[in-house]
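In my numbering, the protein residues as written are 1092 to 1307.
Even glycine gets a Cβ: it sits at the ideal position worked out from N, Cα and C.
Report on one structure; see the data block that follows.
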């Protein structure tokens, strides 16, 4: 006896279906217009796979998918008008959360990847961190670099302090280069990395507690 094909549930890929998907998504995540559009595009693509398994002709699948894609901009704008999607507020909240934990450069790169426009990104960064180079921004950047050193147990947070005389110049250079690389990959400048690596533990902990900042 021939095996019966497995039935595939195939919802209607219409505006109502897509809007419900967005509302469910927004109930779980704070997001941007770009990320929402990407989510809907994936939803439409997965629907196409299901439609193919259900035996729908390819031409019909493509036609329905194209019609569905046309709804994406209007649904997103509807969510923006309702205040459910706010790219600037999303940027502010992410910058606020990351301040003092990540480098300014890394925060900017991560937000750009989430779809914030350059103008909104700049506004969010300035509102929460201040202008690059300002005292508030410099202190937050320094604290973020110290937290990275603490996490990676380098600089003032080394597990075991060893006198430099115990190493030859080549080993010291390799160690310094490796530690500088940790900061560079996290988006910190060489100047900031060097400043943290030269700190002793007492001073590093004081900076994290917002003490002794006048010298920076």
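* Closest to residue 1193 by CA distance: which of 1116, 1106 and 1228 is it? -> 1228
* Asked: How would you call residue 1121, buried or exposed, if buried means at least 16 neighbouring beta carbons within 10 angstroms?
  -> exposed
* Could you spell out the range, first to last residue, of the alpha helix (DSSP H) harbouring residue 1249? => Note, residue 1249: premise wrong, no alpha helix (DSSP H); not H, not E.
* Using the beta-carbon count (16 or more within 10 Å), is residue 1158 buried or exposed? -> exposed
* Asked: Leaving out five residues before and five after residue 1267 in sequence, what residues of the same chain have Cβ atoms less than 6 Å from its Cβ?
  -> none
* **Same chain only: Cβ atoms within 6 Å of residue 1293, ignoring 5 sequence neighbours per side** => none
* Length of the line joining the Cα atoms of residue 1182 and residue 1260 -> 45 Å
* DSSP on residue 1280, reduced to helix/strand/coil? -> coil
* List the endpoints of the continuous alpha helix (DSSP H) containing residue 1176. => From DSSP, residue 1176 is part of no alpha helix (DSSP H); its letter is neither H nor E.
* List the endpoints of the continuous alpha helix (DSSP H) containing residue 1296. => 1292-1299
* If you follow the alpha helix (DSSP H) that residue 1115 is part of, which residue opens it and which one closes it? -> 1106-1119
* Asked: What's the C-alpha gap between residue 1235 and residue 1190?
  -> 7 Å
* Asked: Roughly how many whole angstroms lie between the Cα atoms of residue 1161 and residue 1109?
  -> 11 Å
* Asked: Using CA coordinates, which residue listed in 1209, 1144, 1233 and 1214 is at the minimum distance from residue 1297?
  -> 1233
* Distance, residue 1126 Cα to residue 1218 Cα -> 23 Å
* Work out the CA separation of residue 1285 and residue 1050 for me, nearest whole Å. => With the chain covering only 1092 through 1307, there is no way to say anything about residue 1050.
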